[in-house]
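Some notes on the structure that comes next.
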Amino acid sequence: MIVGAVVGFSMPSTVAGVAGWTIVVFGVLFGGGGLIRRALRIELGIGEQLLLGAVAWVTISGLLLALGGASRTPLLVLAACGIAFALAEVWERVHATPRTVAGEDRLAATVTWAFLTAFLVFNVLAMVGARANPYDDQVAYVAFVKRLLDCGDLIEPFSFRRISAYGGQTTLQALAALRGDVAVIDLLDRGIFQWLSLVLVYDFTRHRRVHVGVSITVLVFLCAMWDLHLNSAAVWTGFAAFLGAYNFASREDLSPRVSLVLTFACCGLACTLRQNYLLPAGVFALSVAVFHLRARARDQRSWRAAWHGERITIVLAITTAGIVVLPYMVATFRASGTFLYPVLLGNANGASPLKPSAGTFLDELKFFVHVAVNSEPIRIWWLILPLMLLARDDRDRRPWPAFLIACSLGFVALVHSFLLSDAYNLWRYGWGYLTPLAIVFFVEVAPRLPVPGAPSSSGVRIHAIAAFLVWLALMAHFVTSRSQIIERFTNAIVDVQTGLDLGSTKYDPRAEAIPALQGAIPEGERIAVMLDDPWMLDYDRNRIVNLDLPGAVAPAPGLPSFTSVEHWRAYLRGQGIRYLAFSEDGRSTWLYRRVGWLWRIFADDELFRFIAARMVDTIDMFAGLAKTSKVLYHAHGLVAIDLGEPVPVEADRGPPEPERQDAFARRVSEQELGNNAWQLASRRDVAFQTDLIGPSRIVDLLGADDFGPSSGLWHLLFGGPDRRPLRYLADRTRVRVHGSGTHDLRVAAWLRLQRLATSPSISIYLDGARVATGQADAQGNVTLDARVSCTGWCDVYILLSTTSDLWRAEDVRVAKLLEFDWKPAP
Numbered sequence: 001m002i003v004g005a006v007v008g009f010s011m012p013s014t015v016a017g018v019a020g021w022t023i024v025v026f027g028v029l030f031g032g033g034g035l036i037r038r039a040l041r042i043e044l045g046i047g048e049q050l051l052l053g054a055v056a057w058v059t060i061s062g063l064l065l066a067l068g069g070a071s072r073t074p075l076l077v078l079a080a081c082g083i084a085f086a087l088a089e090v091w092e093r094v095h096a097t098p099r100t101v102a103g104e105d106r107l108a109a110t111v112t113w114a115f116l117t118a119f120l121v122f123n124v125l126a127m128v129g130a131r132a133n134p135y136d137d138q139v140a141y142v143a144f145v146k147r148l149l150d151c152g153d154l155i156e157p158f159s160f161r162r163i164s165a166y167g168g169q170t171t172l173q174a175l176a177a178l179r180g181d182v183a184v185i186d187l188l189d190r191g192i193f194q195w196l197s198l199v200l201v202y203d204f205t206r207h208r209r210v211h212v213g214v215s216i217t218v219l220v221f222l223c224a225m226w227d228l229h230l231n232s233a234a235v236w237t238g239f240a241a242f243l244g245a246y247n248f249a250s251r252e253d254l255s256p257r258v259s260l261v262l263t264f265a266c267c268g269l270a271c272t273l274r275q276n277y278l279l280p281a282g283v284f285a286l287s288v289a290v291f292h293l294r295a296r297a298r299d300q301r302s303w304r305a306a307w308h309g310e311r312i313t314i315v316l317a318i319t320t321a322g323i324v325v326l327p328y329m330v331a332t333f334r335a336s337g338t339f340l341y342p343v344l345l346g347n348a349n350g351a352s353p354l355k356p357s358a359g360t361f362l363d364e365l366k367f368f369v370h371v372a373v374n375s376e377p378i379r380i381w382w383l384i385l386p387l388m389l390l391a392r393d394d395r396d397r398r399p400w401p402a403f404l405i406a407c408s409l410g411f412v413a414l415v416h417s418f419l420l421s422d423a424y425n426l427w428r429y430g431w432g433y434l435t436p437l438a439i440v441f442f443v444e445v446a447p448r449l450p451v452p453g454a455p456s457s458s459g460v461r462i463h464a465i466a467a468f469l470v471w472l473a474l475m476a477h478f479v480t481s482r483s484q485i486i487e488r489f490t491n492a493i494v495d496v497q498t499g500l501d502l503g504s505t506k507y508d509p510r511a512e513a514i515p516a517l518q519g520a521i522p523e524g525e526r527i528a529v530m531l532d533d534p535w536m537l538d539y540d541r542n543r544i545v546n547l548d549l550p551g552a553v554a555p556a557p558g559l560p561s562f563t564s565v566e567h568w569r570a571y572l573r574g575q576g577i578r579y580l581a582f583s584e585d586g587r588s589t590w591l592y593r594r595v596g597w598l599w600r601i602f603a604d605d606e607l608f609r610f611i612a613a614r615m616v617d618t619i620d621m622f623a624g625l626a627k628t629s630k631v632l633y634h635a636h637g638l639v640a641i642d643l644g645e646p647v648p649v650e651a652d653r654g655p656p657e658p659e660r661q662d663a664f665a666r667r668v669s670e671q672e673l674g675n676n677a678w679q680l681a682s683r684r685d686v687a688f689q690t691d692l693i694g695p696s697r698i699v700d701l702l703g704a705d706d707f708g709p710s711s712g713l714w715h716l717l718f719g720g721p722d723r724r725p726l727r728y729l730a731d732r733t734r735v736r737v738h739g740s741g742t743h744d745l746r747v748a749a750w751l752r753l754q755r756l757a758t759s760p761s762i763s764i765y766l767d768g769a770r771v772a773t774g775q776a777d778a779q780g781n782v783t784l785d786a787r788v789s790c791t792g793w794c795d796v797y798i799l800l801s802t803t804s805d806l807w808r809a810e811d812v813r814v815a816k817l818l819e820f821d822w823k824p825a826p
């Protein structure tokens, strides 16, 4: 550990430095866990002790964070204390009486630990050269770690990523970055905590007394699994916290008080990592406590007597979780004005869509079934979930039903609250508790397998045939996911080679330009930044706030999106921000490329239309501010400006923000693109409903796949023949419209009569009543106008009598929607 610290500090960005500091991180966690072990006088496995060390680190660093003092020096002192405790642990274990282990068990343990150690070394080497996600990590999460180490707080009132996480993951990442290099952002989660999770699984299987073959199979299953990492957010840290909570809840060799306290502590750790972990962690902890009380009430024949005897235990467990979580709630409230997003919005933009604005119950049911069946990365959920419902738990605290209920409620609530996401991302958000649920089930049913010599144990009861089917499904997963295994290890080997060659170096020619940009701004002044690499800034020199996704989060009354340059100047100066630094349009390396967001205003889903419109507007406003302000720095695509002395109070912004967004999209479409793409896009009062047949996306100008020489985006960038945007129609197209009285509806289409070999009719229905019908002229053009009455959301159907084939609209391509105009009647 001491040598690792020396190497880590002296060569922080090399493979040797990262490997040396990894040993230090394990030492800090091991020492903190050892302190808890001594205080409680219990026996812990290596993984359990490391996990409790993480609880101790997150708890103490959280208190420092809430006070604004979790900077590098206090965290180094805390790490040094952890190392001291770790050395004491090593001394105690060296002089302890060794346990006698049978030869066969000793061989199995040796092989298992050799495998885990080799996997750790391989994974650490891969993380050094791994590519972080620049759209999330470089622009936000790495910057959080740098900010924490520089100035000790995470006060980011303009950051969308900050409002959706408490900060426990950041404090753990700061431990891994104390050596002086924050670039290896994946080291903590995908390296250190993935190995910690595997060791914790080994400890769990040892406590459950399952066959060594079960342990090895489950470990290999986890090592081979695609872990759904998209960025450095909590994945394996969440896995370890939830598995640890279940492990301590199911350990019958611990006293009920110790078991509950450790369970609540691990659930508290999970809550600090992601806000969507709050529900499953809270439900599991409270369910275990309720089941414990019920068992005592059954023994004493009275709930009141049970509560009287166990109230100190329950209060102590809840207090433990509170000590872990509450400092992070305080820190999050200081940063974002809320500790429970999206229930309490705080600085979040109230116009931000969390659910489809035109969604119905049937739409949500369709989405839920789609997500449930398209499970990732464990593709056998639909096989094992019914068998999970058959399992019974005969232990007092009933950890299995408590865990199943908590994870199910957590995932249902996740899907319900994020209907604008997709199956992959939702399973990624649920990885931290759903994957431990599957692992726990595999291990718990293993003793019931119909094989000779299978040990019997208390715990989950299930029929032997059901246990056999569970493990048959696990074996099937290896077959169905073999391509993922190959891809994962291929990428890892490439990353290992890169790490050995380059260390943690990330190519960026502006590494020296960003300090120069900051040097042009007076020291101590407050700066708002919209940069691709804000983690290169010195957060101790200036008070910096990061606009990672501008328009999504900001102090009241929010950013003045879709207004004017002077509105922006007045708002920023009103927030005490005089200096602004941003990536220049056309020179941004990743997130702030205007043309990359332009098509999303019209052709993406509702959430990204919201983000894209504000991104394009912010880029335009910052360019406008640069023209009317003093420019302090302009080089390498980076701009720093002085907004000047305080200006009068911001003028009235006009209509509500959603109306301004629609007007902005129309203005961009008509004035910049020179077309009516806005009419074919979903907007505040129009929502196109797609299915597997149609309508298609907007094509011939703004489709995501339009990048060829004949495409509209190519025309937009490089010129060429004029193309008109359109959607291809199926035989039945559904559009939801919102109204408050009488509205005028216009639908213009073109039909490919040669392909159809007939002259079809086209009709419009509003809430089941036909309001217009017509036929195409000789050239295939048809326009339908109708004056209709609509209050709230109404369903418009565009029906064609024939499309020649009932297939995908973009494949058949016989009907083009050219206009869809919906406006209040004069």
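When the count follows the working numbering, it moves up by one through the sequence shown with no breaks and lands on 826 for the last residue. Where is the CB? At the ideal position from N, CA and C, for every residue including glycine.
In terms of CA proximity to residue 377, 474 leads the group 340, 474, 416. For the region 271-303, the continuous alpha helix (DSSP H) assignments of 4+ residues that do not extend past its boundaries occur at 278-300, in sequence order. Apart from sequence neighbours up to five positions away, the residues of its chain that approach residue 235 with a beta-carbon distance below 8 Å are 189, 190, 227, 228, 229, 428, 431, 432, ordered along the chain. Residue state for residue 767 is assigned as coil, using DSSP reduced to three classes. The C-beta of residue 207 has 16 or more other C-beta atoms within 10 Å across all chains shown, which makes the residue buried. Note on geometry: alpha-carbon atoms of residue 761 and residue 781 lie some 12 Å from one another.
DSSP lists 762 as the beta-bridge partner residues of residue 774.
In the DSSP assignment, residue 658 falls within the alpha helix (DSSP H) that extends over 657-667. A direct Cα-to-Cα measurement between residue 247 and residue 449 gives close to 21 Å. Taken in chain order, the unbroken stretches of alpha helix (DSSP H) that lie wholly in the region 144-190 and span 4 residues or more are 160-163, 168-177.
Here residue 504 is buried. Its C-beta has 16 or more other C-beta atoms within 10 Å. Here DSSP, grouped into helix, strand and coil, assigns residue 462 to coil.
In the three-state reduction of the DSSP assignment, residue 269 falls in the helix class.
Annotated three-state conformation of residue 95 is coil, per DSSP. By the Cβ neighbour-count rule, residue 275 is buried, with 16 or more other Cβ atoms within 10 Å of its own. Assignment of residue 538 by DSSP, reduced to helix, strand and coil, places it in the coil class.
By the criterion of a C-beta distance shorter than 7 Å, residue 405 is surrounded in its chain by 283, 287, once the five residues flanking it on both sides are discounted.
Between residue 17 and residue 11, the beta carbon gap of about 4 Å places them in contact (Cβ cut-off 8 Å).
Residue 795 places its beta carbon less than 9 Å from that of residue 767. With fewer than 16 neighbouring CB atoms inside 10 Å of its own CB, residue 107 falls in the exposed class. The beta carbon of residue 19 sits closer than 6 Å to those of 124, all from its chain and outside the five residues before and after it, given in chain order. If you draw a 10 Å sphere on the C-beta of residue 606, you find 16 or more other C-beta atoms in it, and that means buried. The beta carbon of residue 783 is closer than 6 Å to those of 748 in its chain, skipping five residues each way along the sequence. When DSSP assignments are scanned along the region 612-691, the uninterrupted stretches of beta strand (DSSP E) that are 3 or more residues long and fall wholly within it turn out to be 630-635, 638-642, 686-689.
DSSP, reduced to helix, strand and coil, places residue 590 outside both helices and strands of the structure shown, so it counts as coil. In the three-state scheme derived from DSSP, where H, G and I count as helix and E and B as strand, residue 693 is classed as coil.
Judged by DSSP secondary structure, residue 366 falls within the alpha helix (DSSP H) whose first and last residues are 361-373. The three-state reading of DSSP puts residue 209 in coil, since its state is none of H, G, I, E or B.
Nearest C-alpha to residue 810 among 664, 216, 737, 726: 726. Between the alpha carbons of residue 752 and residue 700 lies a distance of about 17 Å.
Remark: C-beta atoms of residue 415 and residue 368 approach each other more closely than 9 Å.
Here DSSP, grouped into helix, strand and coil, assigns residue 751 to strand. In terms of CA proximity to residue 696, 812 leads the group 70, 257, 812.
Judged by their CB atoms, residue 530 and residue 583 are nearer to each other than the 9 Å cut-off. If you look at residue 820, you'll find it in the beta strand (DSSP E) that goes 815-824. In summary, residue 255 is exposed, with fewer than 16 beta-carbon neighbours lying within 10 Å of its beta-carbon over all protein chains present.
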